[in-house]
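> Residue numbers (my numbering): 2 to 453. Virtual Cβ for every residue (Gly too), placed ideally from N, Cα, C. Take a look at this one; I'll ask things after.
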């Protein structure tokens with residue numbers, strides 16, 4: 002976990018992640034994403050949209066509301082079933098997720114079939130956290146509640162959405178009507194969701210507010226297994242394309258007792274986090290659970306009429322669901338590297354150039370002599386690329402700073418630039434330096450920062 006602490010410190014010190022509300026003492030597990038973190042998050046979303054939407058002719062986009070009619074969550078089952086096993090340590094009045102306590106106390110123990118009573122018995126008999134003084138386990142609903150209305154006593158309860166999926170299901174008919182899509186097709190959505198987690202932790206791995214990138218893929222019944230495998234493999238390949246190391250990834254199929262209330266089949270892609278293999282990305286076969294439930298409760302027809310078979314049915318749904326922040330953290334861990342250059346230690350984030358917050362850093366060799374030309378070059382490249390400028394300290398220290406934040410290329414402006422209009426381009430990973438014209442730099446870097 003020592004390297005994890007280094008990654009956390011790097012993220013906070015360089016502007017990837019800040020603690021939320023810090024000047025007021027903070028807010029538990031609230032995070033703001035700084036200048037670098039905002040760029041990295043945007044690039045992750047761009048990558049996902051490119052692969053799951055732009056390059057998929059059958060998929061479309063939706064941007065749904067965070068606040069929905071409360072009946073949506075009653076119909077979806079979230080008001081009754083969206084809960085975690087809560088227990089309280091009576092010695093210090095702190096609350097915990099019972100399943101996570103047991104998993105941390107005895108890694109590898111399969112508790113997927115355990116009842117709340119069995120979990121409580123284990124906590125007591127094994128003196129987890131050094132005590133047997135645990136309250137009986139109760140279900141804890143993770144929905145954040147708010148209210149709509151001027152007078153609180155007369156206001157209606159609303160809930161911040163815990164997933165983006167329901168906004169897609171309740172617009173299914175409008176989507177069909179306006180796009181004239183035929184089954185199979187998918188609806189992509191990126192947006193904020195909120196979960197009142199009991200014990201968020203491990204930096205940004207689990208927080209109460211995060212962004213989801215979800216695809217709801219509608220297919221004909223009896224074809225769901227084929228599409229499940231297709232999207233599962235597509236998800237894995239997407240991670241490899243982003244530069245994930247294969248040895249950091251594995252699959253885990255959920256046992257029947259672990260399945261969510263809406264799922265007939267779920268597989269997680271696990272990532273090798275510092276505390277062990279843990280969920281990065283999940284794919285679920287939601288069957289026709291959602292459309293059928295929403296039709297039953299709303300009394301609106303949510304079936305699909307198949308023009309080929311002349312039959313009406315509820316489509317089945319395959320759902321790959323990914324948290325932006327969790328992918329963000331996994332990529333920090335995956336790409337963190339330490340080495341030395343000329344006997345000087347350096348920290349490097351070896352991001353895929355597409356994901357790097359800045360693609361090029363423009364560095365004047367001598368500030369007084371080269372700053373004006375360097376600024377001119379920065380202004381030119383900004384039209385095509387995410388560029389940063391740095392003229393503070395020695396060129397070697399500036400290289401190290403850019404390596405630390407993952408910038409793949411550094412462009413040095415020197416006397417040759419003034420005399421011959423050429424610059425030196427340094428590669429973050431190979432450390433190779435080449436002399437190029439500005440136009441050659443632009444074309445070369447643009448060719449390297451695409452996602453293929």
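(1) Quick one: is residue 25 buried, meaning 16 or more other Cβ sit within 10 Å of its Cβ, or exposed?
(2) Would you report the Cα separation of residue 449 and residue 443, rounded to the nearest angstrom?
(3) Grouping DSSP H, G and I as helix and E and B as strand, with all else coil, what is residue 390?
(4) For residue 415, report the span of its beta strand (DSSP E) as first-last.
(5) Taking the beta carbon of residue 129 as the centre, do at least 16 other beta carbons fall within 10 Å, making it buried, or is it exposed?
(6) From residue 452 to residue 47, what does the alpha carbon distance come to, in whole angstroms?
(7) Among residues of its own chain, excluding the 5 on either side of residue 374, which ones have a beta-carbon nearer than 8 Å to its beta-carbon?
(8) Can you check whether the CB of residue 281 is closer than 8 Å to the CB of residue 272?
(9) What did DSSP end up calling residue 405 once you bin it into helix, strand or coil?
(10) From this set, 308, 309 and 294, which residue's C-alpha is nearest residue 302's C-alpha?
(11) When burial is assigned at 16 or more other CB atoms within 10 Å of the CB, is residue 298 buried or exposed?
(12) Exposed or buried, what is residue 62 when buried is set at 16 or more other beta-carbons lying within 10 Å of its beta-carbon?
(13) Identify every residue that forms a DSSP beta bridge with residue 213.
(14) Compare the C-alpha of residue 137 against each of 265, 125 and 284 and name the closest.
(15) Which same chain residues, not among the five before or five after residue 69, have their C-beta less than 7 Å away from its C-beta?
(16) Thinking C-alpha only, which one of 59, 319 and 398 is nearest residue 284?
(17) Tell me the DSSP secondary structure of residue 339 in three-state form.
(18) Can you tell which of 21, 22, 10 and 40 has its C-alpha closest to the C-alpha of residue 329?
(19) Taking the alpha helix (DSSP H) that residue 168 falls in, what are its first and last residues?
(20) Taking its Cβ as the centre, do 16 or more other Cβ atoms sit within 10 Å of residue 341, making it buried, or is it exposed?
(21) Find out if the Cβ-Cβ distance for the pair residue 142, residue 77 is shorter than 8 Å.
(22) Following the continuous beta strand (DSSP E) through residue 254, name the residue where it begins and the one where it ends.
(23) Mapping DSSP to helix, strand and coil, what is residue 141?
(24) In chain order, what residues of the same chain have a beta carbon less than 8 Å from the beta carbon of residue 367, not counting five sequence neighbours either side?
The answer reads as follows:
(1) Residue 25 sits exposed, since fewer than 16 C-beta atoms from the chains shown fall within 10 Å of its C-beta.
(2) Cα-Cα distance, rounded: 10 Å.
(3) For residue 390, the secondary structure class from DSSP, reduced to helix, strand or coil, is strand.
(4) Where residue 415 is concerned, there is no enclosing beta strand (DSSP E), given that its DSSP letter is neither H nor E.
(5) Buried is the call here.
(6) Taking the straight line joining both Cα atoms gives about 10 Å.
(7) Take residue 374, set aside five residues on each side of it, and the residues of its chain with a beta-carbon closer than 8 Å to its own are 365, 414, 418 and 419, in chain order.
(8) The Cβ atoms of residue 272 and residue 281 lie closer than 8 Å to each other.
(9) If DSSP states are grouped into helix, strand and coil, residue 405 belongs with the helices.
(10) Minimum Cα distance to residue 302 is reached at 294.
(11) So residue 298 counts as exposed.
(12) Residue environment: residue 62 is assigned as exposed (fewer than 16 neighbouring CB atoms within 10 Å of its CB, all protein chains considered).
(13) The partner list for residue 213 (beta bridge, DSSP) reads 192 and 324.
(14) In this structure, 125 is the residue among 265, 125 and 284 with its C-alpha nearest to the C-alpha of residue 137.
(15) Counting only Cβ-Cβ distances below 7 Å, and skipping sequence neighbours, we find 162, 167 and 168.
(16) For the residues 59, 319 and 398, the minimum Cα distance to residue 284 belongs to 319.
(17) Strand at residue 339.
(18) Closest option to residue 329, Cα to Cα, is 40.
(19) In the DSSP annotation of this structure, the continuous segment of the alpha helix (DSSP H) that includes residue 168 starts and ends at 166-170.
(20) Exposed, since its Cβ has fewer than 16 Cβ neighbours within 10 Å.
(21) No, they are not a contact pair.
(22) 250-254 is the span of the beta strand (DSSP E), which, as asked, contains residue 254.
(23) Strand at residue 141.
(24) Hits under 8 Å: 415.
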